[in-house]
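The structure appears below as structure tokens.
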Amino acid sequence: MQEHHSTGIIPDATLEPRLRALLRELPPAQAAVLEELWRERERLLGLAEQHRLVMQSVTDGVLVTTIGGVIEYANEAAHQLFVNRRVLRDQRLPELVAREEQVQLREYVQRAAEGDAVRAQCTVVRPDGDLRRLNLSISPLREHGHVSALVVSLTDFTDEARARDEVAASNARFRDLAEVATDGIWTVDRRGLFTSVNPATLELAGRSRSEMLGRSAIPMIAPEDQSAVAGHFRAVLGGKRERYECHIIRKDGSRRLVAVANSPIVTRGTVTGILGVVRDLTDERTRSVAFERLEATHTRLVDSAEDAIATIDEDGRFTSVNRALEKVSGKPRSALIGTNFVEILRPSERADLWRLFAATLGGERQRRELRFTRPDGAQRIAAVLATPLVEHGRVTGVLAVARDVTDERNLQEQVVRREKLAALGELVSGVVHEMNVPLQTILSNVQLLEQEPALPEATRECAATVASEVRRASRIVNKLLTFARQNPAERLATDLNAVIEDTVELRRYPLRVQDIELQVELDRSLPVTWADPFQLQQVFLNILGNAEQAVVQHPGARRIRVTTRRAGDSAIVSVADSGPGIAPEHFPHIFNPFYTTKPRGSGTGLGLSIADGIVRDHGGTIRVQSEPGKGATFEVALPIVSPPAPPSP
Numbered sequence: 062m063q064e065h066h067s068t069g070i071i072p073d074a075t076l077e078p079r080l081r082a083l084l085r086e087l088p089p090a091q092a093a094v095l096e097e098l099w100r101e102r103e104r105l106l107g108l109a110e111q112h113r114l115v116m117q118s119v120t121d122g123v124l125v126t127t128i129g130g131v132i133e134y135a136n137e138a139a140h141q142l143f144v145n146r147r148v149l150r151d152q153r154l155p156e157l158v159a160r161e162e163q164v165q166l167r168e169y170v171q172r173a174a175e176g177d178a179v180r181a182q183c184t185v186v187r188p189d190g191d192l193r194r195l196n197l198s199i200s201p202l203r204e205h206g207h208v209s210a211l212v213v214s215l216t217d218f219t220d221e222a223r224a225r226d227e228v229a230a231s232n233a234r235f236r237d238l239a240e241v242a243t244d245g246i247w248t249v250d251r252r253g254l255f256t257s258v259n260p261a262t263l264e265l266a267g268r269s270r271s272e273m274l275g276r277s278a279i280p281m282i283a284p285e286d287q288s289a290v291a292g293h294f295r296a297v298l299g300g301k302r303e304r305y306e307c308h309i310i311r312k313d314g315s316r317r318l319v320a321v322a323n324s325p326i327v328t329r330g331t332v333t334g335i336l337g338v339v340r341d342l343t344d345e346r347t348r349s350v351a352f353e354r355l356e357a358t359h360t361r362l363v364d365s366a367e368d369a370i371a372t373i374d375e376d377g378r379f380t381s382v383n384r385a386l387e388k389v390s391g392k393p394r395s396a397l398i399g400t401n402f403v404e405i406l407r408p409s410e411r412a413d414l415w416r417l418f419a420a421t422l423g424g425e426r427q428r429r430e431l432r433f434t435r436p437d438g439a440q441r442i443a444a445v446l447a448t449p450l451v452e453h454g455r456v457t458g459v460l461a462v463a464r465d466v467t468d469e470r471n472l473q474e475q476v477v478r479r480e481k482l483a484a485l486g487e488l489v490s491g492v493v494h495e496m497n498v499p500l501q502t503i504l505s506n507v508q509l510l511e512q513e514p515a516l517p518e519a520t521r522e523c524a525a526t527v528a529s530e531v532r533r534a535s536r537i538v539n540k541l542l543t544f545a546r547q548n549p550a551e552r553l554a555t556d557l558n559a560v561i562e563d564t565v566e567l568r569r570y571p572l573r574v575q576d577i578e579l580q581v582e583l584d585r586s587l588p589v590t591w592a593d594p595f596q597l598q599q600v601f602l603n604i605l606g607n608a609e610q611a612v613v614q615h616p617g618a619r620r621i622r623v624t625t626r627r628a629g630d631s632a633i634v635s636v637a638d639s640g641p642g643i644a645p646e647h648f649p650h651i652f653n654p655f656y657t658t659k660p661r662g663s664g665t666g667l668g669l670s671i672a673d674g675i676v677r678d679h680g681g682t683i684r685v686q687s688e689p690g691k692g693a694t695f696e697v698a699l700p701i702v703s704p705p706a707p708p709s710p
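Counting from 62, one number per residue, gives the positions in the sequence shown under the numbering used here.
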């Protein structure tokens, strides 16, 4: 018998023993064909897994519609955007938006059906009356050169829009305050030219608005004070806050003694001008009273800023803080002044901030983005501008301005995700050709091979095995596509054992390649129950996926055991793993939305929350048992509900 040597395309270690034996027995040409068929099978199984992972990782809403705009598929993120998961399938996309936008959206759908990619914005009215603003992208899905369907991506930007509106409202409140303030409030640019003045400033200067805007502030200062005021301006442009007194010359030539407080105006980390508050001291009985009132006004203005602002001495102690910093730290001003600034952060977050402070004390302005944790536990990102405070040529402290840029960074990440969604249409259009057609080609070739009269019996058995595996791969693809369609919630007479078997089949291949031993013990006496099999499959896929990740990250034996049994009027589905277990401090939170113990970027924290909601909707419960180092067991208890009797004729 002629011995066959591997072509090297597939390492011998990756082939099943019987296939390796067959390759040695076959002539080289037939062996090469069979080896190529096996390699194609492995590639297609990998594509199926890739498709499933892509569908699970998409956080924006995704719809697939007919060219007429009728929804055929919606992912979980889309269901969350529209709240009610029962109403999306078979609905017309234009009818889901606000009535006044429906005609325009129909035109967009028509354009996409003709082959154009469309980007727009729309408004969705949820069942509870909440209005949500969405970025909408419609892309044509082509098969054989013709548009066969439309892929729609949806991103909710309502919260970002509201945040911008709040900032605009805050600016409007500031302008209103300036208009009615009895103190003069003004701004100048870096050249010292007035850019805004309030009525009190005009009254104090004895000039009209047109006589001040665009003019330099220095000529209005008494000659003997001009040099000192110019020095104060330079210090403020360097990041300091300044308080001083000077004399001004009114338009009628009269002199007034004024107290001035200046702060830098910071835009995107750069000082772009000066904010000034001025009070007439001429008629004040004492300067101290004027300065106290001036400081109060200045504090109110600084407190109106959205950014956290603080001054820190050489020893790292707060000397002043604004209201935004109180809000971020969760501590009142009285508790912050005099304390070390790093104490507002968790110990693990302090090193980077201290290095920033030390570098600023060296005399150089520093910019950096740092991660911090709010008192409510939320992880945020702050853009920090630290400017040295210089007095008599020596650095005496630091002015720090911190802005929460988490939403901006999240928007940047959403742009990246939208780019990934642009490729999703190509993946969906190609998956049928890349899976079903090659699988059928493989099956046809194997069947031709089986018809060879002189084919050895051992070869015929191996060919039958390949044909069986190809049919199994086809079933897996169909089950993945069935799961991805996210059928509307519908209660059916459901065999829980069949749901478990389908779920296990979807995960069997990745479990095997990760060397995870899977044990399945099903109680065949379980009766059918009235439930939604697609939703329950989502529950079990999530729990099984968590178990898979747990055992992979834990040294030792990799085992997962799935069982079903009956307990009274309930069916119990148990998933036990040999992973590291769950720490006690996580138990109260594991079913909370967005709570995850996985590394950043590895999970959304929604899986168990969604699973718990589905089980509760079925009248059941999820219970967790775990000890650190001894694995975890999730038990899903579902009531056994008899299917309703058919209506009488």
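Each residue gets a CB set at the ideal place from its N, CA and C atoms; glycine is no exception.
Closest Cα partner of residue i within the set the options
i	options	result
G253	Q91, Q580, A519 and A296	A296
F379	P408, L460 and T421	L460
E367	S535, Q686 and A230	A230
E264	S535, Q287, K312 and Q165	K312
V636	L579, D678 and P704	L579
R533	P284, P514, R102 and P155	R102
Q91	A439, L509 and S631	L509
P50	P705, D638, G681 and G668	Given a span of 62 to 710 for the chain in the structure shown, any question on residue 50 remains unanswerable.
P436	G391, A559 and N323	G391
H615	P641, A592, R627 and R622	P641
W415	I373, N607 and G674	I373
L450	V290, A371, L195 and A291	A371
D593	E551, A693, R569 and E518	E551
T120	F648, I675 and G668	G668
P645	Q610, A628, R677 and S687	S687
R354	D244, R104, V574 and E133	D244
L567	D556, G292 and G606	G606
H191	H207, Q141, R234 and R167	Residue identity differs from the one stated: residue 191 is Asp in this sequence, not His. Selected option, being the one with the closest Cα: Q141.
G176	D189, V148 and V208	V208
A320	E345, V332 and A525	E345
Collapsed DSSP secondary structure at residue i in the structure displayed
i	result
I561	helix
L215	strand
P514	coil
Q152	coil
L485	Residue placement at L485 is flagged as unreliable, the pLDDT there being 48, under the threshold of 50; a coordinate-derived value is accordingly withheld.
E425	coil
H207	strand
D191	coil
D468	helix
G458	strand
I701	coil
D220	helix
Q182	strand
Q575	coil
E696	strand
Near the ligand MN: residue i beta-carbon under 7 Å from a heavy atom
i	result
L342	No copy of the ligand MN appears in this structure; indeed no ligand is present at all.
For residue j and residue i, believed in contact at Cβ under 8 Å, the rounded distance
i	j	result
T262	V339	7 Å
L362	L336	7 Å
T520	E86	7 Å
E375	L406	Not confirmed; about 20 Å, so no contact.
A159	T184	4 Å
Residues near residue i by beta carbon distance below 6 Å, same chain, minus five either side
i	result
A672	V600 and N603
L417	Q427, R429 and A447
A463	A369, A443 and V445
V290	I282 and C307
R304	A322
T564	Q598, F601 and L602
Neighbourhood of residue i by C-beta, 7 Å cutoff - its chain only, sequence neighbours within 5 removed
i	result
E240	N259 and P260
G330	R428, A444 and L446
I701	P588, T590, D630, S631 and A632
F255	W247, V249, M273, L274, G275, R276 and A278
R153	G130 and V131
Proximal residues to residue i (C-beta, below 8 Å), its chain only, five neighbours per side dropped
i	result
V531	R102, L500, I503, L504 and V507
Tell me the start and end of each unbroken alpha helix (DSSP H) in the stretch 578–652 that is at least 4 residues and wholly inside, in chain order.
594–613
Complete alpha helix (DSSP H) runs within the stretch 395–446 (minimum length 4 residues, chain order)
411–422
Which runs of the alpha helix (DSSP H) fall wholly inside the stretch 262–343 and span at least 4 residues, in chain order?
270–273 and 284–298
Runs of 4 residues minimum, wholly inside the stretch 366–395: which ones carry the alpha helix (DSSP H) assignment?
384–390
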